[in-house]
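Residue numbers (the working numbering), protein chains in the order written: chain A, 1 to 187; chain B, 1001 to 1236.
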Amino acid sequence: MPMKGKFPLRRTLRYLERGNVYLRDTVKIVTINYNTLGETHKGARDFVFYNLPQLQYKNQNVQMQTFKNLTPSPFIRCFLNDGDEVLIDIDSKSNTSILEHVKKLLGKSEEILSAERKAREKKTNPANFGREFARECICQVPGQVPCPSVVPLPEELRGKNIDYRTLLLKPARGRDPNIPDEEEEED
Amino acid sequence: MFQAFKTSLCRFIPQCTNEPVLQTGCVYQTVRWRKRRTDPIAKSKIGRVRVPTPIDPAEYKFSLEKWDEYNILINAIRSHCIQDHRRKNKETAAGVSLEEQSRKDEEEWQKLLLWNTEENAKTRQLREARLREEAKREEEEKLQALIQIEKEEAAWLAELEELVKKEKEASKSYITLENLDENIEAALAEEKSYLFGIDKNGKFTLPENTAWTELKERLEQKERQQNEPQEKTETA
């Protein structure tokens, strides 16, 4: 893919993965109002240009909208669950300070993120089978014994075909604890 | 029972078996094997008809109807207990109960909102201060512009006044209808010679007639003005 446009690095995965602000689950919509001219709006413009792609990449289920040249001063307005609104005044602020503010107010803390990471690990552990995991049964793994409901097991592996008579009368392997060593009992 | 087996199986006691062996050397088996469907019926069981187990019809009916209900209840209780157990495990792992956790989260959120409003207030103050400065500057600039305009107007008026003054002064020597005759006679009486020479440097050589008095004065004044800056530069 050729590098077209202004600062096309913003469209690379490497740049997008560097975003570290994960918004809370309650945040649903983020709107940014700013102007295309004006020294006080420079920080907002930079934020939208450099940081918004990273933010959107890490929060793909949040709607992010920008509005240009509507108001004299720039601000961010977030809409949460239950209809709550949060207003952030970003007049004459740099894009880094805006990002920090957003991270502090609306971002997930490190504890929550680590807990989520742990939960995800449990889910991704391929040794776990069950309803909530990736695979319900080991028969779903290619190379394993197929599900007996689909492909019947061979006769000798089915429980109903065990010949207990020959099995029990066969001499068992191993050492019997009831018989003491180095002694031959004769009847 | 043991004796019957003793004769038939004693011979086959191997060195090691998993079944318990009595002191007499007998092997006793609690379950020998499960008879297959295809195995022949034992001699003692030929002609046997099974007597169906006695069932109390009332109890049977009751059981059939209430079994589902019972199962539903029991399963509900079971799943509730399991969830409770899991929740307690989670809480003990986290160190805090769920209610407390949610209350803490709410408190933190309110704190953050408060901090946000404070930050917004700060930004607002900065913005208002900046706007006030800008307004002040604009007012001053406007005032300066007005002053400038006034000055210019005053200068213009002064200039005009000077011109008017000059004209008034000059008008004293204007030739009007009243003093026309006098001036004509004066002009005729004067003998102005226009034959004078001019140097390469622009210097006039005036004739000895006193008719060119004004011109002479002006030329002398000019000379004086020219000489003064030359003297100043020489002294410096």
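Ideal Cβ placement from N, Cα and C applies to all residues, glycine included. No experiment lies behind these values; they were computed from the predicted model shown.
Helix, strand or coil for residue i? Go by DSSP, reduced to three states.
i, result
"B/Y1060", "helix"
"B/V1287", "This structure leaves residue 1287 of chain B out entirely; chain B is present only between 1001 and 1236."
"B/G1202", "coil"
"A/I179", "coil"
"B/L1195", "coil"
"A/L194", "The first residue shown for chain A is 1 and the last is 187, placing residue 194 of chain A beyond what the model contains."
"A/T166", "helix"
"B/L1177", "coil"
"A/D46", "helix"
"A/Q63", "strand"
"B/V1049", "coil"
"B/L1219", "helix"
"B/L1126", "helix"
"A/I32", "strand"
"B/R1137", "helix"
"A/C137", "coil"
"A/L55", "helix"
"A/R77", "strand"
"A/V21", "coil"
"A/G107", "strand"
"A/K68", "strand"
"A/D89", "strand"
"A/V145", "coil"
Measuring only the C-alpha atoms, how far is residue i from residue j?
i, j, result
"B/E1162", "B/R1218", "20 angstroms"
"B/K1066", "A/S149", "32 angstroms"
"A/E155", "B/E1059", "42 angstroms"
"B/Q1221", "B/L1143", "44 angstroms"
"A/P74", "B/A1145", "33 angstroms"
"B/E1223", "B/E1178", "38 angstroms"
"B/K1043", "B/I1055", "30 angstroms"
"B/E1185", "B/L1206", "24 angstroms"
"B/E1200", "B/E1150", "One detail in the question is off: residue 1200 of chain B reads as Lys in this sequence, not Glu. Going by the C-alpha atoms only, they are around 48 angstroms apart."
"B/A1129", "A/F7", "35 angstroms"
"B/D1068", "B/A1076", "12 angstroms"
"A/G143", "A/A127", "15 angstroms"
"A/H41", "A/I88", "14 angstroms"
"A/F133", "A/K123", "6 angstroms"
"B/A1158", "B/T1233", "34 angstroms"
"B/S1171", "B/N1183", "14 angstroms"
"B/E1141", "B/A1135", "10 angstroms"
"B/T1176", "B/E1169", "14 angstroms"
Leaving out five residues on either side along the sequence, give the residues of the same chain with a beta carbon under 7 angstroms from the beta carbon of residue i.
i, result
"A/Y22", "K58, N59, G107, K108 and L113"
"B/F1204", "F1196, I1198 and L1219"
"A/P146", "C139"
"A/N20", "none"
Confirm, please, whether the CB-CB distance from residue j to residue i is below 7 angstroms.
i, j, result
"A/L70", "A/N33", "yes"
"A/C78", "A/V141", "no"
"B/E1106", "B/S1097", "no"
"A/G38", "A/K93", "no"
"A/T66", "A/V86", "no"
"A/L105", "B/L1112", "yes"
"A/L99", "A/N61", "no"
"A/M64", "A/Q54", "no"
"A/Y164", "B/R1034", "yes"
"A/T36", "A/K68", "yes"
"A/N125", "A/D46", "no"
"B/T1123", "A/D82", "no"
"A/R135", "A/F129", "yes"
So, at 8 angstroms on beta carbons, what are the nonlocal neighbours of residue i in its own chain, with the 5 sequence-adjacent residues on each side left out?
i, result
"B/A1211", "E1190, E1191, K1192 and S1193"
"B/I1072", "none"
Among the residues of its own chain, which have a CB less than 6 angstroms from the CB of residue i, if the five just before and after it don't count?
i, result
"A/S97", "none"
"A/K160", "none"
"B/L1126", "none"
Q. Going along the chain, which residues of the stretch 33 to 51 of chain A sit with their C-beta nearer than 7 angstroms to a C-beta in chain B?
A. Within the stretch 33 to 51 of chain A, not one residue has a Cβ closer than 7 angstroms to any Cβ of chain B.
Q.
What are the residues in the stretch 1069 to 1084 of chain B lying within 9 angstroms of chain A by C-beta distance?
A. Flagged: no residues at all.
Q: Taking a Cβ distance cut-off of 8 angstroms, strictly less, list which residues of the stretch 88 to 120 of chain A are near chain E, in chain order.
A: Reference to chain E is not applicable here, since the protein chains of this structure are A and B.
Q) In chain order, what residues of the stretch 1117 to 1144 of chain B put their CB closer than 8 angstroms to some CB of chain A? A) Flagged, chain order: E1119, N1120, T1123, R1124, L1126, R1127 and R1130.
**Q.** Members of the stretch 1054 to 1068 of chain B near chain A, C-beta cut-off 8 angstroms
**A.** Flagged: no residues at all.
Q. What are the residues of the stretch 1101 to 1113 of chain B that lie near chain A, defined by any Cβ-Cβ distance shorter than 8 angstroms?
A. Here the close residues are L1112 and L1113.
Q) Can you list, in chain order, the residues of the stretch 51 to 80 of chain A whose Cβ is nearer than 7 angstroms to any Cβ on chain B? A) Of all residues in the stretch 51 to 80 of chain A, S73 have a Cβ within less than 7 angstroms of some Cβ in chain B.
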